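Reading through the structure tokens given below for one structure.
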Amino acid sequence: MAKRDYYDVLGVSRNVSADELKKAYRKVAMKHHPDRNQGDKIAEDKFKEASEAFEVLGDQEKRARYDQFGHAAEGMGSGMGGFGGAGGSGFGDVFGDIFSEFFSGSSGSSAGRGERGSDLQYNMDISFDDAVFGSSKEIDVPRMETCDSCSGLGAESEKDIKICGLCGGTGQQRVQQGFFSVATTCSSCGGRGKTISNPCRTCHGRTRVSKTKRIRVNIPAGVATGSRIKLTGEGEHGANSGSSGDLYIVLRVKDHSLFERDGADIFCEVPINFSQATLGTDLEVPTLEGKARLKIPAGTQTHKIFRLKNQGIAHLRGGGRGDLHVRVVVETPT
């Protein structure tokens, strides 16, 4: 496949300044850096392509030859001014900037650091009444928990844990990527910086085991389908003594046989006969708490809606309740 134009690779014009060229390369390199896109072959190829482009365009002499001959200049020998050799492209400065930002806050060893446990989501179906009045329910949540046998060590005893011989306890190793080496997770210790000679018989060195935890969930009045309840620290336990994740309960409210809901307001239909609509009546209508009296004036038309204030659902964040809307349907004699 034909090589792309180096200027296009970095997204710059042919008259770009040296400073703008460095900024453009830095942006592309950060986006497609192998450590940010582990296992992504496309990103890796784009990173190498950008590095190759900057290696040429960042050097005045190489850039001049490229502007004159294009990619054909690569085939020229060193005497003819090909692209070979290390020029003054400022790779060290740019790479230093990239590494400084990419590894900022994580310089040195990442070994032994606690890894936060994963957040979990639990989908829960509740009744209409549970949503209206609130309730408390127990659920069984499968999750990873710290191994009780080894207290999260992963080994039978502390003496079975040794400093990793490959990374020297840093948890990282350097791998050559094109023009420079990249820090990656140590393949021997998995980034822990330590190896285990005698793994725990229960967790087999993983520091955590799968368990099921029974958890009580308090459902506040006023929730709706899609409402989320966050239970801090009830997600999976962290590895290497890391903090636990959170558990999110996502609610789905079942339909009611009489009421329909719109936010904090509820709606229902009540049939009345032709005589009641014509002459008026005092009607008993259903509410969330039981029954209420509703005065129907004479001459009421079918589908007329009457509102009973504060007879709806409690607002989830306080501030009173919604309303009950009663739609009367006049049954015509046949």
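For the sequence shown, position 81 (counting from the first letter as 1) is numbered 82 according to the numbering used here, and the numbering increases by one without interruption.
All residues carry an ideal CB built from backbone N, CA and C; glycine is no exception.
Remember, predicted model here, so these are calculated numbers, not experimental data.
Cα-Cα separation between residue i and residue j, rounded to whole angstroms
| i | j | result |
| --- | --- | --- |
| valine 34 | glycine 206 | A small correction: the amino acid at residue 34 is histidine; valine does not occupy that position in the sequence shown. Their backbone Cα atoms lie some 31 Å apart in a straight line. |
| glycine 115 | threonine 208 | 11 Å |
| aspartate 46 | leucine 248 | 38 Å |
| proline 200 | alanine 156 | 4 Å |
| aspartate 20 | tyrosine 7 | 16 Å |
| glutamine 69 | phenylalanine 48 | 25 Å |
| serine 52 | alanine 65 | 18 Å |
| leucine 289 | glutamine 312 | 7 Å |
| leucine 317 | isoleucine 230 | 12 Å |
| threonine 196 | phenylalanine 129 | 54 Å |
| isoleucine 127 | alanine 265 | 17 Å |
| valine 262 | valine 176 | Reading off the sequence, residue 262 comes out as arginine, not valine. Arginine 262 and valine 176: Cα-Cα distance of roughly 60 Å. |
| cysteine 168 | valine 183 | 14 Å |
| valine 57 | cysteine 151 | 55 Å |
| glycine 336 | aspartate 41 | Because residue 336 is not part of the residues shown, which for the chain are 2 to 335, the question remains open. |
| glycine 71 | arginine 37 | 31 Å |
| alanine 73 | tyrosine 67 | 8 Å |
| alanine 25 | aspartate 60 | 15 Å |
| methionine 31 | arginine 15 | 22 Å |
Integer-rounded CB distance, given that residue j should sit under 8 Å from residue i
| i | j | result |
| --- | --- | --- |
| glycine 323 | isoleucine 267 | 7 Å |
| serine 245 | glycine 118 | 5 Å |
| serine 188 | glutamine 174 | 7 Å |
| aspartate 131 | isoleucine 220 | 6 Å |
| valine 13 | leucine 22 | 6 Å |
Chain-order list of residues whose beta-carbon lies under 6 Å from that of residue i (same chain, five-residue window excluded)
| i | result |
| --- | --- |
| serine 198 | Asp161 |
| lysine 138 | Val218 |
| arginine 215 | Glu139 and Asp141 |
| alanine 54 | Tyr7, Val10 and Leu11 |
| alanine 299 | Leu280 and Gly281 |
| threonine 186 | Gly192 |
| glutamate 62 | none |
| alanine 278 | Thr301 and Val331 |
Among the options, the one whose alpha carbon lies nearest that of residue i
| i | options | result |
| --- | --- | --- |
| leucine 232 | Leu22, Gln122, Asn38 and Ile43 | Gln122 |
| glycine 320 | Pro334, Val183 and Gly223 | Gly223 |
| serine 158 | Thr171, Thr203, Met145 and Lys138 | Thr203 |
| methionine 125 | Phe307, Glu270, Arg262 and Ala225 | Ala225 |
| cysteine 148 | Ala278, Ala293 and Lys212 | Lys212 |
| valine 286 | Cys269, Thr279, Phe275 and Leu280 | Cys269 |
| histidine 304 | Gly243, Phe275, Thr196 and Gly234 | Phe275 |
| glutamate 237 | Ala54, Val210 and Phe260 | Val210 |
| glycine 153 | Val183, Arg193 and Pro143 | Arg193 |
| alanine 293 | Val327, Val29, Phe55 and Val142 | Val327 |
| glutamate 146 | Gly243, Ala299 and Ala184 | Gly243 |
| glutamate 50 | Asn16, Glu62, Arg5 and Leu252 | Arg5 |
| lysine 163 | Thr186, Ala30, Asp131 and Cys190 | Cys190 |
| valine 271 | Leu252, Ile306, Pro143 and Ser136 | Ile306 |
| leucine 325 | Lys32, Leu295 and Gly169 | Leu295 |
| glycine 239 | Leu58, Asp60, Arg144 and Ala3 | Arg144 |
| serine 136 | Leu252, Asn38 and Ser18 | Leu252 |
Cut-off 8 Å between Cβ atoms - residues of its own chain near residue i, not counting five sequence neighbours on either side
| i | result |
| --- | --- |
| isoleucine 273 | Thr282, Leu284, Ile297, Thr301, Val329, Val330, Val331 and Glu332 |
| lysine 255 | Asp126, Ile127, Ser128 and Phe129 |
One or two residues paired with residue i in a DSSP bridge
| i | result |
| --- | --- |
| methionine 125 | Leu252 |
| proline 143 | Thr213 |
| aspartate 263 | Asp266 |
| proline 200 | Ala156 |
| isoleucine 297 | Thr282 |
| serine 150 | The partner list for serine 150 (beta bridge, DSSP) is empty, contrary to what the question assumes. |
| alanine 315 | Arg322 |
| leucine 232 | Leu248 |
Contacting residues, own chain, Cβ-Cβ under 7 Å from residue i (five flanking each side not counted)
| i | result |
| --- | --- |
| valine 133 | Ala222, Leu289 and Ile314 |
| glycine 234 | Ser245 and Asp247 |
| serine 228 | Leu252 |
| glycine 109 | The predicted model places glycine 109 with a pLDDT of 41, which falls under 50 and marks its position as unreliable, so this point remains unresolved. |
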